[in-house]
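Everything on this sheet refers to the single structure shown next.
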Amino acid sequence: MTRFSLAVHGGAGTIRRANLTPQAEAAYHNGLKRALQAGHAVLADHGSAMDAVTAAVCVLEDEPLFNAGRGAVFTSDGVQEMDAAVMDGATRMAGAVAGILGPRNPVMAARAVMEHTDHVMLIGPNALKVARDAGVPFEDAGYFFTQARWDALQSTLKMRRDGIEDSDPARRHG
Amino acid sequence: TVGAVACDMQGNLAAATSTGGMTAKAPGRVGDTPVIGAGTYADNATCAVSGTGHGEVFIRFTAAAEIAARMRHGGQSLDQAAKHVVMQDLAQNDGSGGLIAVDAQGNLSRPFNSEGMYRGTVTQDGDFQTDIFRD
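Line by line, the protein sequences are chains A and B.
Each residue of the first sequence is one higher than the one before, counting from 1 in the working numbering.
Each residue of the second sequence is one higher than the one before, counting from 1 in the working numbering.
Spelled out as structure tokens, the structure:
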């Protein structure tokens with residue numbers, strides 16, 4: 001029997017080291033640890049790697065600190081478009097969604113595509129329908145709004161208008 | 001972007017990635033996250049990978065699948081393959097970012113070539129570890 005292991009990453013969007021207060025740093029550590037705990041609980045109970053990674057990612061999506069789900073950044077049009085994917089190494093089954101807003105956990109929408117369709121990637125209204133039909137919980141747009149992400153958008157748009165947008169990796173990363 | 005990779009007690013691998021994309025991205029822009037083989041990949045014979053970074057470059061270099069290919073065809077270890085892709089293929093082509101990866105023996109690798117990575121790992125021993133801005 002293999003000894004299990006799990007890794008997570010949680011990108012925070014446009015946040016620089018200089019802006020990271022001790023309180024914020026502690027919150028990020030806590031968010032990452034809660035994600036690890038969720039996945040670890042699955043694996044320790046002889047659960048599957050797929051259940052573990054989706055459990056961990058759901059925790060990160062529920063945490064506004066991270067750029068996914070509830071903490072997603074905004075497009076230049078001031079809306080949110082979320083992408084997610086899952087892949088199962090045992091079967092090479094995969095599911096992905098792109099450009100969606102609505103499912104509380106986009107990763108579960110991706111899993112619904114994998115488990116309930118013959119396809120790998122769906123976008124647009126049918127991606128949402130597959131998620132809804134699979135019982136994935138939905139939220140209103142207000143659930144996903146965070147002031148910090150909105151302020152980051154305004155800052156970036158101003159830099160763009162002023163012609164001083166830089167190539168800061170923190171701006172280009174999810 | 002957030003993500004997770006895991007190896008379970010049966011030696012099965014899985015990867016999951018989720019993102020809001022880039023701040024002020026063009027409407028309709030899709031990065032590497034949902035592109036299988038670029039930002040998300042899993043195959044029990046090699047590895048599971050979840051990436052984050054400059055998505056267009058991850059797509060052009062099929063970053064996740066490249067790690068698996070290096071293991072499958074080149075005989076490289078997970079860590080050798082992952083570091084090569086992140087520190088050379090991506091880094092030398094304006095592809096800042098990083099990834100987390102696991103192989104079917106439960107070995108973990110998490111290279112990155114930029115500032116601002118938030119990571120966590122745990123093994124069967126219950127050794128929970130979280131890191132910010134350092135490998």
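Don't be surprised by glycine CBs; every beta carbon is placed ideally from N, CA and C.
Does any C-beta atom of chain A lie closer than 8 angstroms to the C-beta of residue i?
i, result
"B:V2", "yes"
"B:P27", "yes"
"B:L78", "no"
"B:T130", "yes"
"B:D135", "In this predicted model, B:D135 has a pLDDT of only 45, less than 50, meaning its place in the structure is not dependable; the value taken from the coordinates is given anyway. Output row for B:D135: interface = no."
"B:N93", "no"
"B:T62", "no"
"B:I59", "no"
"B:I36", "yes"
"B:R70", "no"
"B:A65", "no"
"B:V102", "yes"
"B:V86", "no"
Could you tell me whether any Cβ in chain B is nearer than 8 angstroms to the Cβ of residue i?
i, result
"A:K158", "no"
"A:M114", "no"
"A:A26", "no"
"A:G163", "no"
"A:T2", "yes"
"A:E81", "yes"
"A:V130", "no"
"A:H40", "yes"
"A:R104", "no"
"A:G10", "yes"
"A:H119", "no"
"A:G142", "no"
"A:T75", "yes"
Measure from the alpha carbon of residue i to the alpha carbon of each residue in the options, then state which is nearest.
i, options, result
"B:D94", "B:I59, B:S109, B:L78", "B:I59"
"A:A85", "A:E63, A:V53, A:S76", "A:V53"
"A:F66", "A:A152, A:L157, A:A12", "A:A12"
"A:P35", "A:M50, A:T21, A:G10", "Correcting the residue identity first, residue 35 of chain A is Ala in this sequence and not Pro. Cα-wise, what sits closest to A:A35 is A:G10."
"B:D79", "B:V102, B:V35, B:T40, B:A26", "B:V102"
"A:F145", "A:A56, A:V8, A:T75, A:C58", "A:T75"
"A:L153", "A:F138, A:G71, A:P137", "A:G71"
"B:Y118", "A:M1, A:A134, A:H29", "A:H29"
"A:A94", "B:A104, B:D43, B:Q10", "B:D43"
"A:P64", "A:A90, A:H119, A:G31", "A:G31"
"A:P192", "B:L13, B:G11, B:A6, B:T17", "For residue 192 of chain A there is no data in the structure shown, the boundaries of chain A being 1 and 174."
"A:D204", "B:K25, B:Q92, B:V30", "Examination of residue 204 of chain A is not possible in this model, given that chain A is present from 1 through 174 alone."
"A:C58", "A:A90, A:D45, A:V8", "A:V8"
"A:E115", "A:V42, A:M50, A:S5, A:N19", "A:M50"
"B:G31", "B:V57, B:C47, B:T123", "B:V57"
"B:C47", "B:S77, B:F133, B:G98, B:F61", "B:S77"
"A:G135", "A:G142, A:A141, A:R111", "A:R111"
"B:A6", "A:G89, A:A27, A:V79, A:A26", "A:G89"
Is the Cβ-Cβ distance between residue i and residue j less than 8 angstroms?
i, j, result
"B:G20", "A:V73", "yes"
"A:G47", "B:D8", "yes"
"B:S114", "B:S96", "yes"
"A:G99", "B:A4", "no"
"B:A45", "B:R72", "yes"
"A:M87", "B:T40", "yes"
"B:T23", "A:T156", "yes"
"A:A131", "A:A109", "yes"
"B:G11", "A:T2", "yes"
"B:G75", "B:A64", "no"
"A:A96", "B:P34", "yes"
"B:V2", "A:L60", "yes"
"A:A56", "A:L122", "no"
"B:G37", "B:T62", "yes"
"B:G116", "B:Q129", "no"
"B:V85", "B:E66", "yes"
Strictly by DSSP, which residues pair up with residue i?
i, result
"A:A95", "Per the sequence shown, residue 95 of chain A should be read as Gly rather than Ala. DSSP, once it has assigned bridges, lists A:V86 as partnering A:G95."
"A:L9", "Reading the sequence as shown, one finds His at residue 9 of chain A and not Leu. For A:H9, which the question treats as bridged, DSSP gives the partners B:G3, B:R119."
"B:Y136", "With chain B covering only 1 through 135, there is no way to say anything about residue 136 of chain B."
"A:T21", "Answer is none; A:T21 lacks a bridge partner."
"B:D131", "B:R119"
Mind listing the chain D neighbours of residue i? Cutoff is C-beta to C-beta under 7 angstroms, in chain order.
i, result
"B:D89", "Absent here is chain D; the protein component of the structure consists of chains A and B."
Is any non-hydrogen atom of the ligand MN found closer than 7 angstroms to the C-beta of residue i, if you look at the structure I gave you?
i, result
"A:M50", "With respect to the ligand MN, the structure shown offers nothing to examine, as it has no ligands at all."
### Task
Would you mind listing the alpha helix (DSSP H) stretches within the stretch 45-123 of chain B that are 4+ residues and don't spill past its ends, in chain order?
55-60, 63-74, 78-84
### Start-end ranges of the alpha helix (DSSP H) lying completely within the stretch 147-171 of chain A, minimum 4 residues
147-161
### Message
Could you tell me which whole beta strand (DSSP E) segments of length 3 or greater appear in the stretch 101-141 of chain A?
### Response
121-123
### Message
Report the start-end ranges of each beta strand (DSSP E) in the stretch 11-36 of chain B that is 3 residues or longer and not cut off at the edges.
### Response
13-19
### Task
Quick one: which unbroken beta strand (DSSP E) runs of 3-plus residues sit fully inside the stretch 24-90 of chain A? Chain order, please.
For the stretch 24-90 of chain A, whole beta strand (DSSP E) runs of length 3 or above, ordered along the chain, are 82-88.
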